[in-house]
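Visitor: Got a structure for you, written out below as structure tokens; questions coming shortly.
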Amino acid sequence: MGAAIGQSLPVALGVMISPLPIVAVVLMLSSARAKVNAFAFLLGWFVAITAVAMVVALAAGSAAPDEEDPAGWTGWLKIVLGLALLVVALRQWRGRPRPGIEAPTPKWMAAVETFTPVKATGLAVLLGGVNPKNLLLTVSGGATIAAAAPDDTSAVVVASIVFAVVACIGVAAPIAIYLATGDRAAVLLDELKAWLIEHNAIVMAVLLLVIGVKLIGDGISVV
Numbered sequence: 034m035g036a037a038i039g040q041s042l043p044v045a046l047g048v049m050i051s052p053l054p055i056v057a058v059v060l061m062l063s064s065a066r067a068k069v070n071a072f073a074f075l076l077g078w079f080v081a082i083t084a085v086a087m088v089v090a091l092a093a094g095s096a097a098p099d100e101e102d103p104a105g106w107t108g109w110l111k112i113v114l115g116l117a118l119l120v121v122a123l124r125q126w127r128g129r130p131r132p133g134i135e136a137p138t139p140k141w142m143a144a145v146e147t148f149t150p151v152k153a154t155g156l157a158v159l160l161g162g163v164n165p166k167n168l169l170l171t172v173s174g175g176a177t178i179a180a181a182a183p184d185d186t187s188a189v190v191v192a193s194i195v196f197a198v199v200a201c202i203g204v205a206a207p208i209a210i211y212l213a214t215g216d217r218a219a220v221l222l223d224e225l226k227a228w229l230i231e232h233n234a235i236v237m238a239v240l241l242l243v244i245g246v247k248l249i250g251d252g253i254s255v256v
């Protein structure tokens, strides 16, 4: 269990500092339903990350041949996922805003302030379980858990929950700031939102590059 948690933590950190979910929470905290929507989003984010990581880990573990050490196939799986992350990282880097050009704001952000709790939860599920960049990171986390805890369902379940908890820290941080400082948090959160939108592509490119290289290295070491 310890190995599954420890080896998946670097990937969980990548999910944790993914900019767009943090921006979504910041926007919700400036809406009329600030607390309700923010906590609904946090819950949806946790459930989506937990579900994807756990399903991937359990499916990968059950797909391993009984007569073969699973390290070999999980090594190839990590290499494939690592290469996919590098491709996405390259696309993010090439699509980054050029100096002097304002980063485009995703269209869904304009409607966040009018969201209901149900819509906030749905957005969290979409960003955590459907958005390609976050989905690829979470799938990588699930594959890492499966490789570290083959044939150990309880370890997979616990490691997946820990993975999701760590991945939620970034989304939970603006909520903690809001609850701790109240109205004084508005300026800080607004500056955080602007910075994350402007540097989203660069942050994601670096994250995906680092995690992709790590996965490829881990995969090569066991193939």
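Be aware that the sequence shown starts at 34, since it is given in this note's numbering, and climbs by one per residue.
C-beta: ideal position from N, C-alpha, C; glycine also.
Computed from a predicted structure; not experimentally measured.
1. Taking three-plus beta-carbon pairs below 8 Å as touching, is the region 213 to 231 in contact with the region 107 to 125?
2. Quick one: grab the DSSP three-state call for residue 63.
3. Check this for me: beta carbons of residue 109 and residue 245, under 8 Å apart or not?
4. Have a look at residue 215 and residue 80 and give me their C-alpha separation to the nearest angstrom.
5. Starting from residue 207, trace the alpha helix (DSSP H) in both directions and tell me its first and last residue.
6. Between the region 37 to 47 and the region 180 to 188, do three or more beta carbon pairs fall short of 8 Å?
7. If I follow the unbroken alpha helix (DSSP H) through residue 141, where does it start and stop?
8. Closer than 8 Å is the cut-off here; do at least three beta carbon pairs connect the region 187 to 202 with the region 122 to 140?
9. Going by beta-carbon coordinates alone, are residue 45 and residue 199 separated by less than 8 Å?
10. If you draw a straight line from the alpha carbon of residue 211 to that of residue 63, how long is it in whole angstroms?
11. Residue 204: which of 124, 138, 240 and 49 sits nearest, CA to CA?
12. Assuming residue 192 and residue 34 make a contact with CB atoms under 8 Å, what is their CB distance in whole Å?
13. Less than 6 Å between C-beta atoms, sequence neighbours within five positions excluded: which residues of the same chain meet that for residue 101?
Guide: The relevant details are as follows:
1. no
2. If you number the sequence shown from 1, residue 63 lands on position 30. The answer is coil: DSSP assigns residue 63 none of H, G, I, E or B.
3. For this step, residue 109 is matched to residue 76 along the sequence shown. For this step, residue 245 is matched to residue 212 along the sequence shown. Not a contact, by the Cβ cut-off of 8 Å.
4. Position 182 of the sequence shown, counting from 1, holds the residue named residue 215. Position 47 of the sequence shown, counting from 1, holds the residue named residue 80. Between residue 215 and residue 80, the C-alpha separation is close to 27 Å.
5. Here residue 207 refers to the residue found at position 174 of the sequence shown. 202 to 214 is the span of the alpha helix (DSSP H), which, as asked, contains residue 207.
6. yes
7. Here residue 141 refers to the residue found at position 108 when the sequence shown is read from its first residue. Careful: residue 141 lies outside any alpha helix (DSSP H) and carries neither H nor E.
8. no
9. Counting from 1 along the sequence shown, the entry for residue 45 is found at position 12. Counting from 1 along the sequence shown, the entry for residue 199 is found at position 166. Taking 8 Å as the Cβ cut-off, residue 45 and residue 199 qualify as a contacting pair.
10. Translated into positions along the sequence shown, residue 211 becomes position 178. Translated into positions along the sequence shown, residue 63 becomes position 30. Rounded to whole angstroms, residue 211 to residue 63 spans 10 Å at the Cα level.
11. Along the sequence shown, read from residue 1 onward, the residue named residue 204 stands at position 171. The option with the nearest alpha carbon to residue 204 is 49.
12. Position 159 of the sequence shown, counted from the start, is the residue given in the question as residue 192. Position 1 of the sequence shown, counted from the start, is the residue given in the question as residue 34. Contact holds; Cβ gap of about 6 Å.
13. Locating residue 101 in the sequence shown gives position 68, where the first residue counts as 1. Caution is warranted here: a pLDDT of 48 is assigned to residue 101, below 50, making its placement in the model unreliable, and no coordinate value can be reported.
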